[in-house]
Structure formats: C-alpha cells, structure tokens
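Residue numbers (my numbering), protein chains in the order written: chain A, 21 to 331; chain B, 53 to 369; chain C, 120 to 454.
We treat Cβ as the ideally placed atom computed from N, Cα and C, and that holds for glycine.
Predicted model, so just to flag it, every value in this text is computed and none were measured.
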Amino acid sequence: MARYIIKRLVYAVLTLFVLITLVFFMMRMLPGDPFLGEKAISPTALANMNAKYGLDKPVFIQYLMYMGNCLTGDLGMSITYNRPVMEIVSESFLVSADLGTRALIFAVIAGILLGAIAAIKRGTVWDSLSMFIAMIGVSVPSFILGAVLQYFLGLQLRKVFGVNIFPIQGWGTFKHTLLPAFALGLGSLATVSRLMRTSMLDVLSSDYIKTARSKGLSQRQILWRHALRNAVMPVVTIMGPTVASVLTGTFVIESIFNIPGLGKYFVTSIKDLDYTMIGGTVVFYGALLIVCTLVVDLLYGLIDPRVKLED
Amino acid sequence: MEHIDKSRFAHVGESAHDREAIARPSLTFTQDAMRRLSKNKVAIVCVVLIVLLSLMSAFAPMFSPFDYREQHYGHTNAPMFSVCDDESSEGYGHMHLFGTDTLGRDLYTRIWMGGRVSLIIAVTTAIVDLIVGCIYGGISGYFGGTLDIIMMRLLEIINGIPYLIIVILLMMVLEPGMMTIIIAYSTVGWIPMARLVRGQVVALKQQEYIAAAEAMGASPARIIAKHLLPNTLSVVIVRVTLAIPNAIFSEAYLSYIGLGIPLPKCSWGSLAQLGIQNFRMYPWQLLIPAICISLTMLAFNMFGDGLRDAFDPKLRR
Amino acid sequence: MAERVLTIEGLRVSFDTYAGEVQAVRGVTLHVDEGEVLAIVGESGCGKSVTAQTIMKLNPMPPARIVDGSINLAGHDIVHASDKEMQKIRGNEVAMIFQDPMTCMNPTTQVGKQIVESIKLHRHLSSAEAKAEAIRCLEQVRIPNPEERAKQYPHEFSGGMRQRAMIAMALSCNPKLLIADEPTTALDVTIQAQIMELLAELKDKINTAIILITHDLGVVAGIADRVAVMYAGKVVETGTTDEIFYEHKHPYTEALLRSLPSTDQGKHEPLMSIPGTPPDLLAPPKGCGFAARCRHCMQICKEEQPPEFELNAGHKASCWLLHPDCPSAEERGAK
C-alpha cells in the first residue's frame with residue numbers, strides 16, 4: 021500500500037512539472053510579448069517586472085523563475101483586468117467548484133443507479149430507457165444541451181406559465197443551479213451509467229453470485245451485499261477522467277448560463293488573448309485535476325483489498 | 053415386456069458419418085462477427101445514417117444554387133423554407149431549405165460544407181490515432197522490458213493533463229484552421245489507443261496459443277501477422293469507431309470557445325457557435341447543426357457498441 | 120434403513136436459446152439416500168451439471184425450463200417450490216460446491232464473513248456465536264490458524280485451501296445433501312486426493328449425502344457408493360460402484376472404462392478413446408443417443424430409445440442389448 025501511494029505521488033508531481041513546463045514554453049511561442057502588453061510602462065515598473073520575471077535573463081533562468089512563481093502561487097498579472105491571476109482565480113473558483121461538485125454528484129449517483137437498474141432489469145423497458153438517456157448524454161455536447169434546455173425549459177416554460185421556473189442566467193439561488201448542473205453532468209452520467217451497466221452484468225453472471233444464490237440469499241440481499249459493491253469498482257477508476265470532463269465542461273456551461281465562475285473568465289481570456297490569464301488558469305486547473313486524480317487513485321487503493329495488500 | 057421382432061435387432065455398428073456430425077456450421081471469427089453485426093438492426097441503421105450524412109456533405113453543396121459564402125443582405129435570418137428574392141444571385145427563386153444566417157448566407161449549403169470539414173477532421177484524427185497508437189502501443193507491448201516501462205511511464209505523465217487543455221494551448225500557438233485542429237488533437241489523442249493496443253499485445257503475448265505457435269516453429273513475423281494483429285484488430289476497430297464522436301465533440305467545443313475554424317469557412321461546431329448567439333430568436337440556426345452533430349456522434353457511438361458486441365466471443369450463442 | 124434424501128423422477132430440462140430448444144436433460148431418474156455418495160459421471164455436455172443445478176433451481180429460469188418430472192428433496196417438492204421457499208432450502212438443506220474456488224468466492228469480502236453470512240441466514244445464532252461457529256467450520260476442514268484465516272481474503276488462500284473454505288461454507292448449516300460439481304478438476308492431483316479424503320471424512324462425521332459430479336473415474340472409485348452414468352441428457356446406467364466397474368452392461372460405460380489409461384498397458388499400445396462426439400441436443404436423435412458411436416449398434420437402436428432394464432435391485436441400464444428378445448451376437452450378424 022505504501023508503495024502504491026508513493027508511486028502515485030511521484031507521478032502527480034512529475035505531471036505537474038511537465039504541465040508548468042508546457043505552459044511556459046507555449047507562452048513564449050505566442051506572438052507578442054505577454055508580459056509587457058500594449059501599455060507603456062515606466063522604467064521602475066519595467067525594472068520591477070524584470071526582477072520578478074527575469075525578462076532580461078536567459079530562457080532557462082526565466083523558466084526556473086516561472087516554475088518557482090507557479091509553485092508559490094504567483095501566476096502572473098492578467099493583461100485584461102490588470103490584477104494578479106491568482107486573485108481572480110480565488111474569487112471566481114468557488115462558484116465553479118460549486119457548480120462542478122453539484123454536477124459531479126448528480127452524474128455519479130444518478131449514473132450508478134441508472135446503470136444498476138439497466139443491468140438488473142436487463143432487456144425490459146427500464147433497460148432501454150436508461151440506455152436511451154445515456155445515449156443522449158453521450159451524443160449531445162453539454163453546451164448544446166445547455167442552450168436547448170435554456171430555450172425549452174427556460175424561455176418556453178416562462179411563456180406558458182408566466183413565471184421563471186428554471187432560471188436561464190446567473191447564479192445565486194438553488195434554482196439557478198438546476199439547469200447548468202444538469203447540462204454539465206449529463207455527459208458524465210451517461211458514461212458512468214454505461215460502465216456501471218456493463219460492470220453489473222459481468223458481476224451478475226459471475227460465479228460468486230451463483231455461490232451466493234446457492235447459499236439461499238434473496239435477490240435483494242445478493243444485489244446489495246455482493247453485486248453492487250463489486251460492480252462499482254470500475255466506476256471509481258474512471259473518476260479521474262470524469263472530474264476532468266466536468267472541469268473542462270464548466271468553461272462552456274458558465275459561458276452559456278452567464279455564471280461568474282473561473283471558466284467564464286477563462287473563455288473570455290481566450291477571446292481577449294490575455295495570455296497570462298490563460299496560462300495561469302491552465303496551470304491552476306491542471307494542478308487541481310492532478311490533485312483530484314491522486315485522491316481518486318488513493319481512494320481506490322483503500323477500497324479494493326487486492327490493492328491494499330500489494331505490499 | 054412387449055415382444056419385439058428379431059429383425060429389428062440386425063447389427064449396424066458405428067456410423068462414422070453420423071458420429072461426427074455437428075449441427076451448426078463452424079464459421080471463422082470474422083464471419084461470425086459480421087453475421088452478428090448484420091443481425092443488429094440498430095447498427096445497420098447507424099451505418100446507413102453515417103453514409104447518408106457523408107454523401108450529403110460530399111455532394112449537396114455541389115448541387116446547391118447557393119455558394120456557402122454568398123451573402124444576401126436583404127434576407128438575413130430568414131426562416132426555413134423561405135424563397136430567395138435576390139435577383140443578382142444564381143439562387144433567385146430557389147428555396148433556402150434551412151433558412152439563412154445573420155449575414156444572409158444559405159444555411160443548407162453551409163451545413164453540408166461544414167459537414168465536410170467536421171467529418172474530415174473526425175476521420176483524419178481517428179486514422180492518426182490508429183496509426184500512431186498502434187505503433188507506439190505495439191512496440192511497447194511487444195518488446196516489453198525497460199523500453200515498455202519508460203514508454204508507459206511517459207504516457208501516464210502526459211495523460212495526467214486533460215487533453216482539451218493541451219489542445220487549447222496548442223491552438224493558441226498555431227494558426228487557426230483545419231490542419232491545426234487535426235495536429236493539435238493528434239498530439240495527445242492517440243494515448244488511449246496506445247494503452248489499449250499495448251495492453252492487448254501484452255495479454256496476447258502470454259496466451260498459450262502463442263507459445264503453441266512458437267513451439268510449432270512459427271517465425272516472429274508470422275506470429276505477429278497471423279496471431280497478434282488479428283486479435284487486437286477487433287478491439288482497435290471498436291476504439292477507432294468510438295474515437296470519432298470524441299473528435300467531433302472536441303471540434304464543436306473548440307469552436308464554441310473561439311478556437312475553431314475561422315470564417316468564412318465553417319464546420320458544424322462553428323455553425324453551432326453562431327447559432328447559440330441567435331438561439332432565442334432563431335432557434336433553427338442552432339438546432340440544425342446541433343442535430344447534425346448529435347446524430348453523427350450517436351450513430352458512431354451506437355455502431356461502435358454494435359461492433360463491440362459483434363466481436364465479443366463471449367456473446368457467441 | 121437409511122432415509123431417502125433425494126428422489127428425481129423423469130426430469131426433463133430444456134434451454135430456450137435463439138437457435139431453438141436445447142434439450143439438456145431428457146428424462147433422468149435418480150435417488151440418493153442419507154449418508155451415501157452418488158457419483159454422476161459423463162462427458163462434458165451430458166447434462167450432469169444441469170441436473171445438479173436444477174436440484175437447487177440455480178439455473179436462470181428463462182432460458183432454462185423444467186419441462187417435466189419431479190424432484191423431491193427431504194420432503195420438499197422442488198419443481199413447484201416458490202422462490203422464497205427455495206431460499207430457505209438452499210444452503211440449509213442442500214448446499215453446493217463448484218469447480219473453480221477462486222471465482223466462486225466474493226473477492227472483496229473476508230472469507231470468514233462469507234461463512235458467517237450463511238450461518239446467520241439459516242441458523243438462529245447471534246453475531247458472536249456465528250463468528251465462532253464459522254471459525255469452527257474452518258477448523259473442521261483442517262485449515263490451520265482458522266481465526267487468522269477467517270479475516271483474510273480469498274486471493275490470500277492457496278487453491279486447495281480455497282476449496283476447503285468452500286466446503287466449510289457449504290457444510291456450515293449441516294445440509295442433508297451436498298452437491299459437489301467437479302470439485303477437484305481445477306486442482307492438481309495431490310490436492311485432489313486431500314480434498315476427496317476430507318469429503319469422505321466429513322461425510323461420516325456429519326452424515327451428509329453427497330452427489331459427486333465428475334468425469335474422473337479414478338475419483339469415483341475412491342469414494343462413491345453408487346454411480347450413475349449419464350450420456351446425452353439421460354442416465355444410461357446406475358448401480359453400485361462395484362457393479363459399474365466390474366459388471367457394467369451398457370456399451371458407453373464399457374467404452375468409458377476402456378479409455379482409462381492403465382499401468383498394465385504396454386508402452387506401445389495406443390490409448391483408447393471413443394471416436395466421435397456426443398449428439399447435438401438441439402436436435403437429439405430419436406433413437407439411443409449413443410447409437411452412432413456404439414459398436415454394438417442395432418437397427419432398433421437408431422429407431423427407438425431403449426427403456427430402462429433392471430438387472431437386479433439397484434442396477435439398471437438402458438440398452439436394447441438387455442431386451443429379452445435380443446438375439447446373440449452371431450444371430451444378429453455382429454462380428
């Protein structure tokens with residue numbers, strides 16, 4: 021178990037370094053000078069920037085300084101907003117985290133349930149229904165889904181009922197979270213439920229389920245005590261990519277629903293060519309994802325006894 | 053006990069023919085898979101859909117009276133089925149089947165032009181995925197040892213960064229365009245394929261029938277060609293089919309962020325992005341490209357599922 | 120006089136597949152008495168596992184179907200029993216151990232807990248008592264350090280130990296009948312012997328009847344009291360072990376015994392096998408199932424299925440050669 025943890029930690033750190041390196045070199049390849057922008061700068065300011073970012077030093081030193089800055093939380097100054105990137109991040113990220121967590125919980129729990137039901141009631145209408153929902157989630161990109169939901173459940177319902185049942189913009193109340201979280205989560209729900217269904221079908225046809233039946237357990241007991249627990253394992257392994265997908269999904273969902281999260285800033289910074297903002301956000305998101313994946317991996321190591329005892 | 057006539061006890065002995073008779077004819081693996089696939093109605097419908105969409109994308113713009121760049125300032129945001137009233141245009145008197153966009157361009161022509169771009173991007177990236185992934189995974193899996201360890205560690209590290217983020221970074225650096233999207237996606241898109249192929253090769257290498265082939269004196273080339281490759285092929289084909297919707301999704305996503313195909317060329321993703329801006333008032337401008345995107349992704353996904361079921365020997369009944 | 124634990128009469132089980140109806144079991148009649156070991160032998164696909172699983176109704180009921188027949192287990196009518204009734208019977212009055220112990224135990228639950236689950240289901244014991252009982256069961260099957268072992272997971276056990284643990288689990292509620300479906304096929308020979316010894320010992324201690332399903336006649340000779348030989352979904356011969364080995368009457372039994380390699384065979388004598396394959400049960404032959412491969416096959420064998428002939432109390436065989444009207448070999452024209 022200890023070896024497993026150490027291995028995962030080392031990979032996480034290495035990946036982080038690769039990411040920061042990538043961002044650094046990308047930014048250097050961009051046209052224009054990201055650190056100076058178009059504004060005229062006084063000599064003292066210039067001297068300050070040189071000291072901070074080593075703009076007058078060779079590339080390798082700049083790289084090390086950038087690495088050092090990133091690891092201590094200094095992600096540069098946003099050109100558009102003229103504020104430290106980290107400040108913008110810490111303000112807006114909470115909103116994104118809120119949205120993302122809701123979507124994730126929705127996707128995982130509903131996905132597991134849907135997949136399990138589809139497997140247990142295989143071949144019946146429940147199976148087809150679950151898989152139909154999954155198919156929609158897999159084929160309709162989240163932002164298109166968001167726009168469509170905005171139109172039908174937001175505007176049209178408002179026309180019919182005169183009241184705002186599902187708000188289509190902004191953030192603040194529980195109602196505001198419904199449509200965006202749903203649109204964001206449906207794609208992941210689809211993947212989780214399809215995987216869960218396959219896994220459950222595998223488990224249900226396995227020999228130890230036969231043994232459980234031969235001991236006289238009822239179907240419900242078999243499902244809860246033996247089938248579900250073992251079937252959920254593969255789902256845990258895809259939690260990493262699921263979190264990544266929800267994360268990248270927040271960028272576009274926040275734009276569509278006008279939610280003041282980090283994703284929206286990120287998308288606008290791409291349009292504005294605010295390179296420091298882009299780079300800084302990428303490093304932040306990348307680091308966040310690496311941490312999440314690490315946590316998921318460690319969690320899996322705890323749940324699966326076969327890994328626990330690898331020592 | 054009833055009496056039975058002695059003649060019925062005439063000796064017959066073993067019948068060599070009957071004793072070896074097997075009720076069902078044996079099929080090769082591919083034959084069996086193809087037979088199962090052809091019985092899968094959903095998969096057939098998906099193939100038909102894909103072919104239809106491809107044919108429309110290839111040929112529809114050629115037969116349309118409108119050019120995809122042609123703008124009709126007097127007839128912007130026209131609804132579906134409206135008739136062109138611009139005398140200077142070739143399409144005078146013809147119907148705009150899907151209406152026009154904010155600049156008066158015929159949406160029908162643009163949709164199918166967009167289809168060309170989206171489908172070409174999707175298929176090209178899938179092929180690059182296939183080739184690079186197979187080579188990388190094949191080498192890593194077949195040779196094993198330190199080479200394998202290094203190659204796989206490298207992959208794990210790169211894989212830790214979400215690929216859309218890498219693609220975004222690349223797109224910022226390179227000039228926007230179809231080639232760029234293909235390159236950007238291809239830089240990291242092959243990683244899942246490589247892992248899959250490597251996993252397959254490693255598992256197959258250990259199978260007893262490989263040892264049996266070696267014991268019978270088969271050369272490594274023959275082993276790879278006749279035993280390893282065909283058995284990985286089925287998994288690889290399924291993966292390629294499922295990689296295409298990913299590519300279409302990525303293209304749409306990038307377009308929405310603003311990193312897609314530059315105007316006036318269009319792709320389904322860029323059309324969707326334009327459509328979203330006008331969605332409240334002219335919903336079809338979003339809905340039509342959205343349907344095209346979704347149908348294509350759906351068709352490839354379901355076809356990929358059908359392929360996977362057809363190739364799974366455990367499902368053979 | 121020992122009590123009769125199991126009576127099967129005229130059992131017919133079919134599977135409805137997309138290719139048609141597969142008649143897996145085509146009229147099987149068997150019985151097992153208290154404390155005796157009945158071995159069911161036959162080739163793969165002859166229907167022995169299906170018969171055994173039908174006793175506990177473990178086959179998924181679509182696509183499996185009990186077409187006809189009756190099964191009486193310790194007074195319970197199995198064929199007409201409801202799901203709830205079956206749940207009370209399984210594990211309690213009848214238990215089963217399977218071929219591959221690795222896949223037969225839940226890989227993510229401790230072994231001890233899996234045994235406790237059985238005990239708590241059918242016996243009214245508290246948690247602590249059940250735990251102690253589970254450890255006692257492990258001890259009974261000669262697993263060393265049972266307290267420690269109970270806390271371990273299946274993959275930490277060796278193959279032979281896993282099978283012992285399965286046996287412990289099966290016997291934890293003192294069932295009247297234990298069905299062992301090829302329990303030693305997946306183990307190597309020395310472990311096989313240990314497991315069979317253990318079964319023999321336990322049988323005497325707990326007085327459980329055992330149905331042993333196997334294709335290995337050597338194992339049969341060691342432990343079985345009676346043997347039923349199955350072919351193509353039917354029982355072709357039953358009798359005591361001695362009768363089957365030394366006084367067999369059915370050509371298939373003869374062929375099976377002949378195909379056993381023996382140490383008195385000369386080095387250069389070819390190994391005997393039975394040429395051909397069993398008939399396809401999608402379209403079973405209207406005559407005797409073994410006709411195509413039988414060197415004594417007669418005209419009537421291909422036209423009609425032979426009835427069961429009783430040779431003495433307990434020894435039965437289904438072969439037209441045993442019909443009183445059947446002429447001698449020369450008269451038939453046989454070589």
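| Item | Value |
| --- | --- |
| Could you check whether leucine 119 of chain A and alanine 307 of chain A sit closer than 7 Å to each other, using their CB atoms as the reference points? | no |
| Is the separation between the beta-carbon of leucine 177 of chain C and that of serine 234 of chain A shorter than 7 Å? | yes |
| Check whether the Cβ atoms of aspartate 219 of chain C and alanine 305 of chain C lie closer than 7 Å to each other. | yes |
| Of all the options A:Phe126, A:Ser219, A:Pro63, which has the alpha carbon lying nearest to the alpha carbon of glycine 135 of chain A? | A:Ser219 |
| Taking 7 Å as the cut-off, decide whether the C-beta atoms of valine 213 of chain C and alanine 284 of chain C are in contact. | no |
| Give a yes or no on whether the C-beta atoms belonging to leucine 162 of chain A and leucine 209 of chain A are separated by under 7 Å. | At residue 162 of chain A the sequence reads serine, which differs from the leucine that was named. Not closer than 7 Å, so no. |
| Cα-Cα, which of A:Val223, A:Val255, A:Ala138, A:Leu95 is closest to threonine 222 of chain C? | A:Val223 |
| Below 8 Å on the Cβ atoms is my guess for threonine 357 of chain C versus valine 346 of chain C; work out the distance and round it to an integer in Å. | 7 Å |
| Which residue's Cα is closest to the Cα of valine 132 of chain C: C:Leu336, C:Asp187, C:Met315, C:Gly139? | C:Asp187 |
| Can you tell me the Cβ-Cβ gap for aspartate 317 of chain A and methionine 253 of chain A, rounded? I've got them flagged as a contact below 8 Å. | 13 Å between Cβ atoms; not a contact. |
| Can you check which of these residues, B:Thr128, B:Trp320, B:His124, B:Met203, is closest to isoleucine 164 of chain A by C-alpha distance? | B:Trp320 |
| Name the two residues that bound the continuous beta strand (DSSP E) containing arginine 131 of chain C. | 123 to 136 |
| First and last residue of the beta strand (DSSP E) that includes leucine 390 of chain C? | Premise fails: leucine 390 of chain C is in no beta strand (DSSP E) and is neither H nor E. |
| Is there a Cβ of chain C sitting closer than 7 Å to that of glycine 65 of chain B, yes or no? | yes |
| To the nearest angstrom, how far is the alpha carbon of proline 54 of chain A from that of proline 104 of chain A? | Only weak support is given to the placement of proline 54 of chain A: the predicted model assigns it a pLDDT of 49, under 50, and the value that follows is read from those uncertain coordinates. If I take the Cα positions, the gap works out to 14 Å. |
| 7 Å is my cut-off, CB to CB: does methionine 417 of chain C come that close to chain B? | yes |
| First and last residue of the alpha helix (DSSP H) that includes tyrosine 120 of chain B? | That residue, tyrosine 120 of chain B, is in no alpha helix (DSSP H); it is neither H nor E in DSSP. |
| Roughly how far, in whole angstroms, is the beta-carbon of valine 287 of chain A from the beta-carbon of isoleucine 309 of chain B, given that I think they are within contact range, below 8 Å? | 6 Å |
| Of all the options A:Arg217, A:Lys291, A:Val145, A:Ile156, which has the alpha carbon lying nearest to the alpha carbon of proline 228 of chain B? | A:Lys291 |
| For leucine 160 of chain B, I'd like the list of residues in its chain whose CB is within less than 7 Å of its CB, leaving aside the five on either flank, ordered along the chain. | A small fix is needed here, since residue 160 of chain B is tyrosine in this sequence, not leucine. Cβ neighbours of tyrosine 160 of chain B beyond the five flanking positions: Ser116, His148, Leu149, Phe150. |
| Quick check: what's the CA-CA separation for alanine 270 of chain B versus tyrosine 261 of chain B? | 11 Å |
| Per DSSP, tyrosine 272 of chain C is paired with what? | Answer by DSSP bridge pairing: none, since tyrosine 272 of chain C is not bridged. |
| Quick one: does proline 325 of chain A have its CB under 7 Å from some CB of chain C? | yes |
| How long is the line joining the alpha carbons of isoleucine 201 of chain B and leucine 376 of chain C, rounded to whole angstroms? | 53 Å |
| At the 7 Å Cβ level, is arginine 60 of chain B part of the contact set with chain C, yes or no? | yes |
| Are the beta-carbon atoms belonging to isoleucine 40 of chain A and methionine 87 of chain A less than 7 Å from one another? | yes |
| Can you give me the C-alpha to C-alpha distance between isoleucine 296 of chain B and glycine 241 of chain B, rounded to a whole angstrom? | 11 Å |
| Step through the CB atoms of chain B and report whether any lies within less than 7 Å of the CB of glycine 452 of chain C. | yes |
| Please tell me whether arginine 145 of chain C and lysine 353 of chain C are closer than 7 Å, where the distance is taken between their beta carbons. | yes |
| Since threonine 100 of chain A and aspartate 294 of chain A are thought to touch, with beta carbons under 8 Å apart, how far apart are those beta carbons, to the nearest angstrom? | 4 Å |
| Please classify histidine 196 of chain A: does DSSP put it in a helix, a strand, or coil? | helix |
| Would you mind stating whether glycine 427 of chain C and lysine 435 of chain C have Cβ atoms separated by less than 7 Å? | The amino acid occupying residue 427 of chain C in the given sequence is glutamate; glycine does not appear at that position. Yes, the pair counts as a contact, with Cβ atoms nearer than the cut-off. |
| Let me check understanding here. Comparing Cα to Cα, which of A:Thr296, A:Tyr285, A:Ile140 lies closest to tryptophan 244 of chain A? | A:Ile140 |
| Measuring alpha carbon to alpha carbon, tell me which residue in B:Val287, B:Leu315, B:Ile218 is nearest alanine 362 of chain B. | B:Val287 |
| Would you mind working out which of B:Met165, B:Asn129, B:Tyr120 sits nearest serine 109 of chain B, comparing C-alpha positions? | B:Met165 |
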